[in-house]
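Number of protein chains: 4
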Amino acid sequence: MAARAHAADDALGPRFAAVRALSLAIAAPLSDADATIQPMDDASPAKWHLAHTSWFFETFVLRDHLPGYVAHDPRWAFLFNSYYEAEGPRHARPRRGMLSRPSLDEVRAYRAHVDEALQDALPRLGAEARALVELGLHHEQQHQELMLMDLQATFFANPLLPAMWERAGHPSPAAIQPPPVRVERSRDTQPSEAEAKRSRQRLTWSLDFARDERNGGEDLRWAAGPTGIVEIGHPGPGFAFDCEGPRHAVLLHPHALADGLVTNADWRAFIADDGYARADLWLADGWAWVQREAVAAPLYWLERDGAWHRFALDGLHPLDPAEPVVHVSYYEADAFARLAGARLPTEAEWEAAAQGADPAAGTQLDTAGSVRPRGGSDLFGDVWQWTMSAFLPHPGFRPAAGAVGEYNGKFMSGQFVLKGASCATPRGHSRVSYRNFFYPHQRWQFAGLRLARDL
Amino acid sequence: MAARAHAADDALGPRFAAVRALSLAIAAPLSDADATIQPMDDASPAKWHLAHTSWFFETFVLRDHLPGYVAHDPRWAFLFNSYYEAEGPRHARPRRGMLSRPSLDEVRAYRAHVDEALQDALPRLGAEARALVELGLHHEQQHQELMLMDLQATFFANPLLPAMWERAGHPSPAAIQPPPVRVERSRDTQPSEAEAKRSRQRLTWSLDFARDERNGGEDLRWAAGPTGIVEIGHPGPGFAFDCEGPRHAVLLHPHALADGLVTNADWRAFIADDGYARADLWLADGWAWVQREAVAAPLYWLERDGAWHRFALDGLHPLDPAEPVVHVSYYEADAFARLAGARLPTEAEWEAAAQGADPAAGTQLDTAGSVRPRGGSDLFGDVWQWTMSAFLPHPGFRPAAGAVGEYNGKFMSGQFVLKGASCATPRGHSRVSYRNFFYPHQRWQFAGLRLARDL
Amino acid sequence: MAARAHAADDALGPRFAAVRALSLAIAAPLSDADATIQPMDDASPAKWHLAHTSWFFETFVLRDHLPGYVAHDPRWAFLFNSYYEAEGPRHARPRRGMLSRPSLDEVRAYRAHVDEALQDALPRLGAEARALVELGLHHEQQHQELMLMDLQATFFANPLLPAMWERAGHPSPAAIQPPPVRVERSRDTQPSEAEAKRSRQRLTWSLDFARDERNGGEDLRWAAGPTGIVEIGHPGPGFAFDCEGPRHAVLLHPHALADGLVTNADWRAFIADDGYARADLWLADGWAWVQREAVAAPLYWLERDGAWHRFALDGLHPLDPAEPVVHVSYYEADAFARLAGARLPTEAEWEAAAQGADPAAGTQLDTAGSVRPRGGSDLFGDVWQWTMSAFLPHPGFRPAAGAVGEYNGKFMSGQFVLKGASCATPRGHSRVSYRNFFYPHQRWQFAGLRLARDL
Amino acid sequence: MAARAHAADDALGPRFAAVRALSLAIAAPLSDADATIQPMDDASPAKWHLAHTSWFFETFVLRDHLPGYVAHDPRWAFLFNSYYEAEGPRHARPRRGMLSRPSLDEVRAYRAHVDEALQDALPRLGAEARALVELGLHHEQQHQELMLMDLQATFFANPLLPAMWERAGHPSPAAIQPPPVRVERSRDTQPSEAEAKRSRQRLTWSLDFARDERNGGEDLRWAAGPTGIVEIGHPGPGFAFDCEGPRHAVLLHPHALADGLVTNADWRAFIADDGYARADLWLADGWAWVQREAVAAPLYWLERDGAWHRFALDGLHPLDPAEPVVHVSYYEADAFARLAGARLPTEAEWEAAAQGADPAAGTQLDTAGSVRPRGGSDLFGDVWQWTMSAFLPHPGFRPAAGAVGEYNGKFMSGQFVLKGASCATPRGHSRVSYRNFFYPHQRWQFAGLRLARDL
């Protein structure tokens, strides 16, 4: 987040326009009502995202660096401040869904006002303000992914399961049946015997591998990672959030990473192996969560007519077994790895493996539209990858100065790091050193996993 | 609710049209988003009210009495059934605010579809079905008042405090200030000394009266009610809800009712006398409620610039001391009466006093628009009047047959009866025998009080 | 509670001694730990009951009427005040189980101290103080029943299900098996076909009776009650709680009361008829309670080896089908009555029927020891009988003056009246006008039911 | 926990006897009631600790390794299993306070039974069983500290604030005053101006040091730690819990540790500097915790007569400013460090500093009796020291086989590591590699802190 570097002068304006435009494009299919709903405390209405990202520019750039700037509406700071204690009191987070006013159109007008003022001011802004614009753009990209996450939760909260976009290259969703009162796994949704056997072989093999040091499987390949001292963290130059630095050395022990992501087929095998019913696979907090919430499948999995379906922003479709599994919690990822005789990678292992990789590769967000992992991505794209590393400061970490110093540092307890990028991450947003973080029970983000093991 | 009687054949169609039209008129100022929000579990979105009342006609009239009727959308029964267990599973009440789809326009189209089908079928419907239409109209009128209650809660949940309608004959609300983080009563909102003295005299006088059997006051007059055996309950003919019957004799003891409603000025005196801080005035459950919820004033009272204001559907305005107090809970009404040395009337006392009164008199709802008690009403109008009677069955009560038998009878525990009608009750809806009921902590309904005492 | 009358001068001292001794006798089998546990917020530790009843005498009699009296321990008022707001702050009710100190022996010493002081002072006390002694004795008798209720809950909270007393005239409880993780009703606990048929006949008959005005059954007989104006409420002279008065006229409609209590056999038939699974039988609040708490049988019913057992202070024993059912909530009693085509009596109906009955008859508490309904009681004894009347003030009710005015009046919302007396009520404590009251979901009190119906 | 090593054959029996005796000695002052109370879900009754540690030996040693062993009472496994899923269902943790039976004496008899059986069997046990005995002794030592923690919480839950032991070398606690209704900090408990200034200088100096790389202070000295690759984790031989291994290399960055623990005087300065009111000092989760719980001082601090006191097992005494602060949460420790311009050490930094130190040094538990930090301890003793490291597996960690594999590994999410030993840790129990762990909000353990900083 520090102003270590920023986009070339001539590029910032167009990039600002492009990023801001994508937010609007994502919101384009939404009604005012769609954009107003808050499906759970963790999520925010789309309208709120659109306004909050504008408030960020208005407050930290226009108010603080443009003498004479008059707020679009001084009452809105109370509504659209997210969590910046330094910016004063604010609307309670769980009540963000109460804001039918301002309307979506009024929020769009707010965006236009801020955009115009900022584009107008841009040529005159100094380095510090330009760095805040840069930060604001990365902030907005984060909110684009959050908006997609939250919209998926929003439409899932509606028993009609509306699709926000048609599924590209697929027939329309089957006529939606009257909604189920509760989701229960029927016998028929077991994988076929053959499929179960294949998955079990693959996982067993993994288990055998980990225990017996043999490597005879053919499905899951392992790539040994670097051992010894390697450097991780943002190397500069260029933008990075404060928590990505400083660059520092870490010591790696012999290990290997799986060459692909865990898939829906793998997850069906986990379910078939009673993965959600075996206490020995779970962290204690995870087991309590499974029981308290009656968790029996990844988020957004539903059964219809005896077969697993998955709900996404393009509606409810039969589960694609080849897709990387997505919307699993840390607890689930950890339990899966334990069943497989493996573990999750550490952040440093993952980051060391990604040195030199292209963070803009793989399935990421290019334009507004249906968002799904498609498989085939490597370290970046498709799904964020849970690591077993807690989100804690890198050695020597110092938060950025001012209110924006609340951006990352104050969340450094209780959360785990995810690396890479997902199908909902705006392409160009991620970095090798990027540190995404969530609590271990959260799973409405586009999170999956890659296995690792000791060598 | 029983089919004891119904409107004359030729009148039902036009009345159906008129009642249905008022619902739409109430919703006219709403955006799709306004109509989608659910501000608390007890309240429902305006859109939901509009759809649920249509579902009621569609289900109990069209589906059950019109052979071949095809549901507008078979999935919607799940969404818009309120609480009829006999009608199968339904969307969870606290999640009614998740329904951005169907849109407000789609719900309007649903209404039009039902209206057309019902008007078309009406000439052919038998007595039972026509009685259900009649029931449905009274049901819809109840939801008109509920919709106004819930919309007031909805807009109050927005820190911007939007006004749904302009206040008739008043200047526009003052420019709204940035919202307060919390409401605290400042010293300056105490009533003036003179005003406090007047109110205290009046109340003290009441207290003296009740204790000393003197009657020298000049503000509050008491009217002795009938003593001995009187009949209450719906006498027929004409429509009434099942719980209003059967007509039956009750025995009244010597008592008097105050000749007017308790006002905002009275309530300020209650506050000034530390009414919310004296445990001895409160029922045990009420005292726990006051402390748990930090209750210090009626709902919708806010302080601005050292003076009490009241929020209503026409926005935030300075408190009018002459208005009947509204939005107080049973606990508050009971505590006020105790401070005044009086009590609340029983349902039978109230109903006996109202024999022969015109239930269509007073400030009630005639057209869509700003809703406020104006004072000057007697037994009907302005505010519902809390009684000290629990909502329990009249002797010989039998619920109506079928699913509509769940209409009233199953709520007969823990609630208190309110009598009369409020400024938000559609004129023509109430009756002397009408039994409104709420839990003692609830106060988002238009509820106030009239004092009573033993003679 | 008013000092309308009190025991003859010479009798008060011995009666004081006898009542106080019974409390100690009840607590005799308890260890210090047994007497310290609080199994739920509604219940209190036995030690607390023993101390609180002493605090009552110490505060309202000795402190207020014995000049120079020095409190046994001034810190204990904070611990042992129950709910008297006028007596100042107090230990939080849900934390009463935290008081390992003072020990049970220290509490016994406190009792001895108070007893000695009071007996010593008694000859010199005036009428007001003597009335408070009288009140304190009735208060203590109430706490004797509460202590038995709370102890049953205490021992039931222990998976070992300890028996506090041996069951008189019965073999020892079977060796207790390792406790079940959860209670589920097995198929085998259905009543035998013959038994089910009998019960169903009886209930169906009742149902038929109620609907068809025939009376051909042979098991359940109905007795018509008085119609017209009758007087209820405490007639004086003699002690009564304030809420039992004043004596007043009520108007009764034609009705009949069943001639016996509902039994365990009846209740098994209710279960067999899916009584806990049919929403149409339940009040809305009751149905929510059944589902939220997964209620499927009366409190203290457990299944062992495919048969219903009932836990009581004498341990776990096979259910006796002839015993009156006990530990059912208002919701359950109401649902049962609805299935039977009957209803619960009103308080006035019950009290009118009991005019002239001996409140000291039936199975009530004579000495410390095993407490069970035995059947054969009529209006008094065995179980408290739920009425369908809310606990509200009698016409003209005024609470007693002073802190003891908090005794009853402040609980007049949300609760229902129970009449009679139970097997745990100290004989001599109850009256025809006695008004017991509990919330409709509560059932750890010794509550059962008698049916009523309209004529 | 693995059977890597165990005490010499001849030593195990006497050590077993000594450890088991200490548990009884700690419980010696307790009444049955004292030993039964559970003051909060996180804590267990003393009786439960005494029984659970015996169940551990009975189950994992006697049952599994002594053919023919008959359980003391087969029902007790249900009661005294803590969290071992592999051992089947168990009594719900929050209901451990319901066990007045078995009595404390019965639990002592259970202990005697197990002790005798185990001492008798010991000569015949194989290496695996002996390793489990060894594990059981360390397990019991942990529960000794837990028992002291839980007893302090137990007596603090009693408004009388009983002292379990007299304070050695101190006058008796002042006569205890009637308990406060709520704890509020009065003006008078501010530190004296001089004291505040001293503490502020010291802390400011620390802040300056950290920022300006000057070292001119005289109170707080810093010791630079090793840089580069060092080894941590249990080196063997000898007992260690599974989570302490394997020994592995870590890379340390330049840093320094403070030479002493943070004291009560320091903490008063933190309070005086509005430490609990400044959001910028706190992690987001910590700030939410402070506000939700109204935290304003360390646990067990109370004000009496305008001065801070601290409650401990020896009662309530005026706060000793020189004592190391104890009973602070991770959130508090982290906020304090932030105010001081410092940070907490990492686990590796702490462990590297402790290489060669004597884990048996400092103020630790030698005999049953009053437990207080006394100051003067270095790395071990007085208080557990929060680190900024999450409790996660060391590289290559594998849980022990069998049910005891649930001992540590399943708690590896959401918790932080504490190092060293406290005044309540049985001397001989701790190791350099010892990993204690708690959630960041927990503070009933004897936890304090030492500052660290980057160089």
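Chains as they are written, first to last, in our numbering: chain A, 256 to 710; chain B, 256 to 710; chain C, 256 to 710; chain D, 256 to 710. Glycine included, C-beta positions come from ideal geometry on N, C-alpha and C. Every value quoted in this text rests on a predicted model; they were computed, and no experiment measured them.
The CB of A:P294 comes closer than 7 angstroms to the CB of M353 in chain B, given here in chain order.
Closer than 7 angstroms at the C-beta level to chain B, one finds these residues of the stretch 666 to 678 of chain C: F666, M667, S668 and G669. Checking the DSSP bridge columns, you'll see A:E558 partnered with A:W563.
DSSP places D:H503 in the uninterrupted beta strand (DSSP E) bounded by H503 to L507.
Look at A:T642 here: in three-state DSSP terms it is strand. Residues of the stretch 317 to 340 of chain B that bring their beta carbon within less than 9 angstroms of a beta carbon in chain C comprise Y338 and E340, in sequence order. Non-local C-beta neighbours of B:L392 in its own chain, meaning closer than 8 angstroms and more than five positions away in sequence, comprise R270, F271 and V274, ordered along the chain. Taken in chain order, the complete alpha helix (DSSP H) segments of 4 or more residues contained in the stretch 287 to 328 of chain C are 301 to 312.
C:R686 is bridged by DSSP to nothing; it lacks a bridge partner. DSSP places D:V485 in the uninterrupted beta strand (DSSP E) bounded by G483 to I487. The alpha carbon of A:Y662 has as its nearest neighbour, out of A:L387, A:P357, A:A306 and A:D296, the alpha carbon of A:L387.
Residue environment analysis places A:E486 among the exposed positions, since fewer than 16 neighbouring C-beta atoms fall within 10 angstroms of its C-beta. Chain-ordered, the chain C residues with CB closer than 7 angstroms to the CB of D:L415 read R330 and R356. Our two residues, D:Q407 and C:R350, have alpha carbons roughly 16 angstroms apart in a direct line. Counting along the chain, B:H510 sits inside the beta strand (DSSP E) bounded by residues H510 to L516.
From the beta-carbon of C:L506, the residues of chain B found nearer than 8 angstroms are I484, A504, V505 and L506.
C:V388 has no beta-bridge partner at all, per DSSP. At a beta-carbon threshold of 8 angstroms, the residues of chain C lying near B:P695 are S668 and G669, ordered along the chain.
Ranked by how close their Cα comes to the Cα of D:F635, the residues D:R653, D:W699 and D:E606 have D:E606 in first place. As the crow flies, the alpha-carbon of C:G669 is around 7 angstroms from that of C:A645. Burial state of B:I292 is buried, judged by a 10 Å Cβ sphere holding 16 or more other Cβ atoms. Every unbroken stretch of the beta strand (DSSP E) spanning 3 or more residues and falling wholly within the stretch 609 to 662 of chain B is given here in chain order: 639 to 645. DSSP lists D:R565 as the beta-bridge partner residues of D:H572.
Under the Cβ criterion (8 angstroms, minimum of three pairs), the stretch 678 to 687 of chain A counts as touching the stretch 617 to 627 of chain A. Less than 8 angstroms divides the Cβ of D:G703 from the Cβ of D:V583. Minimum Cα-Cα distance from C:A551 among the listed residues C:A524, C:D296 and C:F311 corresponds to C:A524. For C:R593, the three-state secondary structure derived from DSSP is helix. The beta-carbon distance between B:A567 and B:R627, rounded to whole angstroms, is 6 angstroms. This is short enough to meet the 8 angstroms contact definition.
Of the candidates D:Q399, D:A539, D:N336 and D:G660, D:G660 places its Cα closest to the Cα of D:F496.
Here B:W310 has F335 as same chain residues with Cβ atoms under 6 angstroms from its own Cβ, once five neighbours each way along the sequence are excluded. When Cβ pairs closer than 8 angstroms are counted between the two stretches, the stretch 642 to 656 of chain C is seen not to touch the stretch 359 to 366 of chain C, the count staying below three. Neighbours of B:L538 in chain C, taken as residues whose beta carbon is under 7 angstroms from its own, are K665, M667 and S668 in chain order. Neighbours of A:L380 in chain D, taken as residues whose beta carbon is under 9 angstroms from its own, are absent, since the nearest beta carbon is some 26 angstroms off. Rounded to the nearest whole angstrom, the C-alpha separation of D:M295 and D:V581 is 19 angstroms.
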